[in-house]
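Chain order of the listed sequences is A and B.
The letter at position 94 of the first sequence is residue 94 when you use the working numbering, and the numbering goes up by one with no holes.
The letter at position 16 of the second sequence is residue 1016 when you use the working numbering, and the numbering goes up by one with no holes.
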Amino acid sequence: GEDVEQSLFLSVREGDSSVINCTYTDSSSTYLYWYKQEPGAGLQLLTYIFSNMDMKQDQRLTVLLNKKDKHLSLRIADTQTGDSAIYFCAESIGQAGTALIFGKGTTLSVSS
Amino acid sequence: NAGVTQTPKFRILKIGQSMTLQCAQDMNHNYMYWYRQDPGMGLKLIYYSVGAGITDKGEVPNGYNVSRSTTEDFPLRLELAAPSQTSVYFCASSYQGESVGRGYTFGSGTRLTVV
Chain A
1 GEDVEQSLFL
11 SVREGDSSVI
21 NCTYTDSSST
31 YLYWYKQEPG
41 AGLQLLTYIF
51 SNMDMKQDQR
61 LTVLLNKKDK
71 HLSLRIADTQ
81 TGDSAIYFCA
91 ESIGQAGTAL
101 IFGKGTTLSV
111 SS
Chain B
1001 NAGVTQTPKF
1011 RILKIGQSMT
1021 LQCAQDMNHN
1031 YMYWYRQDPG
1041 MGLKLIYYSV
1051 GAGITDKGEV
1061 PNGYNVSRST
1071 TEDFPLRLEL
1081 AAPSQTSVYF
1091 CASSYQGESV
1101 GRGYTFGSGT
1111 RLTVV
């Protein structure tokens, strides 16, 4: 079945770059997503990438997609303490991307 | 404020009790979803709906039921609560699935404990 894998923890220092990696299984996914969850809150859409793109940049965020290897990464430049959160990778499943399957989440810890 | 509203925010149930988790959205989204989030396990899809009167099972539907009589509301029912259903439940909605790449709007969650 469909599965999304992520490393569970990442620790960086403030000002450094963070790179969160993800692998997925459904090659028919049209969009791939990154969500952010802060403590006690729901998930917030951070960014997404269309499957025919290799890269998407949005301010401090850069998403890289390697469709051949089914690998997705999220780079956060100049990481701040406010970026500390859980980051979820998600792929779509079903006809017309009916629903999303999420990874287990990567907990990013930023120290000052 | 526009968005997805979930009630209640917290609930403690005894084993065997039943309850309904409410979810409402006011964005005229046609797709709605229920996920559960267990620590270290990410989100698992319970049920989803692509429009009023249409529902379908997700990854972990056992022990739950849903209905979608209106575009706005998508309640989740637990008939016989079990400790394994202790979790945080998130409702989400989207416009026509992912076809426009907008992702989902999530509610703030319902934290359910079954004792």
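Glycine included, every Cβ here is placed at the ideal spot set by N, Cα and C.
Note that the structure is a prediction, hence the values are computed from the model and not measured.
- For Gln80/A, no beta strand (DSSP E) run applies, since DSSP gives it neither H nor E.
- DSSP places Gln59/A in the coil class of the three-state scheme, outside both helix and strand.
- For the pair of segments examined, the segment 98 to 107 of chain A was found not to touch the segment 52 to 60 of chain A: the number of CB pairs separated by less than 8 Å stays below three.
- Annotation for Val1004/B: Cys1023, Gln1025, Cys1091, Ala1092, Ser1093, Thr1105, Phe1106, Gly1107 place their beta carbon closer than 7 Å to its own, counting only its chain and skipping 5 residues before and after.
- Among the residues facing chain A, Leu1043/B is included, as its CB has a counterpart in that chain under 7 Å away.
- Within chain B, the residues placing a beta-carbon under 7 Å from that of Phe102/A are Gly1042, Leu1043, ordered along the chain.
- Gly15/A is outside the set of residues whose beta carbon lies under 7 Å from a beta carbon in chain B.
- Listed along the chain, the chain B residues whose CB falls inside 7 Å of the CB of Tyr33/A are Gly1103.
- Contact annotation for Tyr1033/B against chain A: Ala99, Leu100 [CB-CB distance below 9 Å, chain order].
- Cβ contact annotation for Glu1059/B (same chain, cutoff 6 Å, sequence separation greater than five): Lys1044, Leu1045, in chain order.
- For the segment 1058 to 1091 of chain B, the set of residues with a beta-carbon nearer than 7 Å to any beta-carbon of chain A comprises Gly1058, Phe1090, in chain order.
- Only residues of its own chain outside the window of five on either side were considered, and among them Lys36 have a CB closer than 6 Å to the CB of Gln44/A, listed in chain order.
- Counting every other CB atom within 10 Å of its CB across the protein chains shown gives Met1041/B a total below 16, marking it as exposed.
- When C-beta distances to chain B are compared with 7 Å, every residue of the segment 58 to 85 of chain A stays at or above that value.
- Under the three-state reduction of DSSP output, Ser1084/B falls in the helix class.
- Contact of Tyr48/A with chain B is assigned, a C-beta pair being separated by under 7 Å.
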